[in-house]
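K.L.:
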């Protein structure tokens, strides 16, 4: 005896027939219009290769200045002969390197007008690269930089008044280049016996290699966001020469961000925000460089998305915050200075969920599991719809 057809069977079968092929089809990538930015000159002169840092408020710190609320404040020498700035947190506390005497340098914390040096664990020099909102500093301590073949260098994290050297991958050199609010640091470490180097992640006293691009033996991480995604570079060999490629370390993968084209053959990523947006610098011919933004799977020339250039050429991008503001270097006929690039419209809505939390990583298609969930949501809708529950009659 045949089993009588249930009223919902035909609509369910039809829905499944229509939806199942979509589960395994390539997901369409959501493409939004390219962002547009307004330029605010800071008045701080410098070169496009110099460090800049930006916090959530849009304050920019560099060597040796802070630009906040439209006001540029020079910091002087911070108690030494010369001072560099490496990072700034949301409370405008700074870290960097203060130099005094011959070949002597120490990392420092500058807070509320007071400079506190952190020492170098008895080594010759130390450098502060980043500071998080708990006041933890990530950096590097090393022996004399004038004896590079015999150089020993170790990444460090300074927290609660104590500086701790971080482990390496077995080699003699490492560095911690950034640290997030969870205390996760990223940087670079070499392997023993000259077997290359890798971008690394430091967490709970352990070091983990993040890998590199296929065929590459060297990579490094320059920045980490609150999700643990990192950005940096990998060295690739083309013919007899080596070139740098900007990369994203995310979900166990190393993603080549590509090049803008033209004469550029080198790129490096300097920072990444919570949305997975990456900024960095491309270079090609000597003295020529361009700032870039990687967002939603696209690599953009920042010069193409500035609304009113006003004679400025964006020569490098060094920092990006979670409000999409960018710390960049721009050059015009009068020279180069630090710039604040601010988005002209709110873009977080396309990158966040209903609760305002960051959504999926930009540029990554939805997984099949998400499409399956959507399918069963549709089936539940069919089941709840009175006309369909009666067999559609």
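Numbering (mature numbering (1 follows the signal peptide of the UniProt record, and there is no 0)), first residue to last: -33 to -1, 1 to 360.
For glycine and all other residues, C-beta sits at the position ideal for the given N, C-alpha and C.
Quick caveat: nothing in here was measured; it's all calculated off a predicted structure.
Could you compute how far the alpha carbon of residue 297 sits from the alpha carbon of residue 152?
P.N.:
The residue you call residue 297 lines up with position 330 of the chain shown. The residue you call residue 152 lines up with position 185 of the chain shown. Their Cα atoms are separated by approximately 29 Å.
K.L.:
Can you tell me whether DSSP reads residue 189 as helix, strand or coil?
P.N.:
As a first step, residue 189 must be located in the chain shown, where it is residue number 222. In this structure, residue 189 counts as strand in the three-state DSSP scheme.
K.L.:
Go ahead and pull the three-state DSSP assignment for residue 159.
P.N.:
Mapped onto the chain shown, residue 159 falls at position 192. If DSSP states are grouped into helix, strand and coil, residue 159 belongs with the helices.
K.L.:
Is residue 275 helix, strand or coil by DSSP?
P.N.:
As a position in the chain shown, residue 275 is number 308, starting the count at 1. If DSSP states are grouped into helix, strand and coil, residue 275 belongs with coil.
K.L.:
How long is the line joining the alpha carbons of residue 127 and residue 271, rounded to whole angstroms?
P.N.:
Locating residue 127 in the chain shown gives position 160, counting from the first residue. Locating residue 271 in the chain shown gives position 304, counting from the first residue. Their backbone Cα atoms lie some 44 Å apart in a straight line.
K.L.:
Would you check if there are 3 or more beta carbon pairs closer than 8 Å linking the stretch 75 to 89 to the stretch 176 to 187?
P.N.:
Result no; under three Cβ-Cβ pairs closer than 8 Å.
K.L.:
Do residue 188 and residue 154 count as a contact pair if the criterion is CB distance below 7 Å?
P.N.:
Working through the chain shown from its first residue, we reach residue 154 at position 187. Working through the chain shown from its first residue, we reach residue 188 at position 221. For residue 154 and residue 188, yes; Cβs fall inside 7 Å.
K.L.:
Looking only at its chain, what residues have a beta carbon closer than 8 Å to the beta carbon of residue 287, apart from the 5 residues adjacent to it on each side?
P.N.:
Translated into the one-based positions of the chain shown, residue 287 becomes position 320. Counting only Cβ-Cβ distances below 8 Å, and skipping sequence neighbours, we find 21, 238, 239, 240, 244, 245, 246, 260, 293 and 294.
K.L.:
Pull up the distance between the alpha-carbon of residue 6 and that of residue 268, whole angstroms please.
P.N.:
Residue mapping note: residue 6 aligns to position 39 of the chain shown, counting from 1. Residue mapping note: residue 268 aligns to position 301 of the chain shown, counting from 1. Their Cα atoms are separated by approximately 15 Å.
K.L.:
Buried or exposed, going by whether 16 or more other CB atoms sit within 10 Å of the CB of residue 212?
P.N.:
Residue mapping note: residue 212 aligns to position 245 of the chain shown, counting from 1. Answer is buried; the Cβ neighbour count reaches 16.
K.L.:
Please list, in chain order, all residues of the same chain as residue 139 whose beta carbon is under 6 Å from its beta carbon, the five residues on each side excluded.
P.N.:
The count along the chain shown starts at 1 and reaches residue 139 at position 172. Closer than 6 Å at Cβ, skipping near neighbours: 119.
K.L.:
Nearest CA to the CA of residue 284: which residue from 312, 250, 301 and 99?
P.N.:
To locate residue 284, count along the chain shown from 1; it is residue 317. Nearest C-alpha to residue 284: 250.
K.L.:
In angstroms, rounded to a whole number, what distance separates the CA positions of residue 307 and residue 299?
P.N.:
The count along the chain shown starts at 1 and reaches residue 307 at position 340. The count along the chain shown starts at 1 and reaches residue 299 at position 332. Whole-angstrom Cα-Cα distance: 15 Å.
K.L.:
What does the Cβ neighbour count give for residue 99, buried or exposed, with the cut at 16 atoms within 10 Å?
P.N.:
Translated into the one-based positions of the chain shown, residue 99 becomes position 132. Buried: at least 16 other Cβ atoms inside 10 Å.
K.L.:
So what does residue 131 bridge to, in DSSP terms?
P.N.:
Stepping through the chain shown from its first residue, residue 131 is reached at position 164. Paired residues: 124.
K.L.:
May I ask you to report which of helix, strand or coil DSSP gives residue 99?
P.N.:
Locating residue 99 in the chain shown gives position 132, where the first residue counts as 1. If DSSP states are grouped into helix, strand and coil, residue 99 belongs with coil.
K.L.:
Kindly identify the DSSP beta-bridge partner or partners of residue 304.
P.N.:
What you label residue 304 is simply residue 337 of the chain shown in a count that begins at 1. DSSP output for residue 304 lists 12 and 297 as bridge partner(s).
K.L.:
Which runs of the alpha helix (DSSP H) at least 4 residues long sit entirely within the stretch 234 to 285? Give them in chain order.
P.N.:
Here no run is fully enclosed.
K.L.:
Under a three-way DSSP split, which group does residue 40 fall into?
P.N.:
Along the chain shown, read from residue 1 onward, the residue named residue 40 stands at position 73. In the structure shown, residue 40 sits in a strand (DSSP, three-state: E or B).
K.L.:
Please go through the same chain and pick out, in chain order, the residues whose beta-carbon is closer than 6 Å to the beta-carbon of residue 93, but skip the five residues on each side of it.
P.N.:
Numbered from 1 along the chain shown, position 126 holds the residue referred to as residue 93. Cβ within range, chain order: 73, 74, 87 and 108.
K.L.:
I think residue 30 touches residue 17, with their Cβ atoms under 8 Å apart; what is that distance to the nearest whole Å?
P.N.:
As a position in the chain shown, residue 30 is number 63, starting the count at 1. As a position in the chain shown, residue 17 is number 50, starting the count at 1. The Cβ separation is near 6 Å, so the contact holds.
K.L.:
Taking only runs of the beta strand (DSSP E) that begin and end inside the stretch 171 to 229, which ones reach a length of at least 3 residues, in chain order?
P.N.:
Counting whole runs of 3 or more residues, the stretch 171 to 229 contains the beta strand (DSSP E) stretches 173 to 178, 185 to 191, 197 to 205, 208 to 217 and 220 to 223.
K.L.:
Please determine whether the Cβ atom of residue 155 lies at a distance below 6 Å from any heavy atom of the ligand ADP.
P.N.:
Ligands are entirely absent from the displayed structure, and the ligand ADP is therefore not among its contents.
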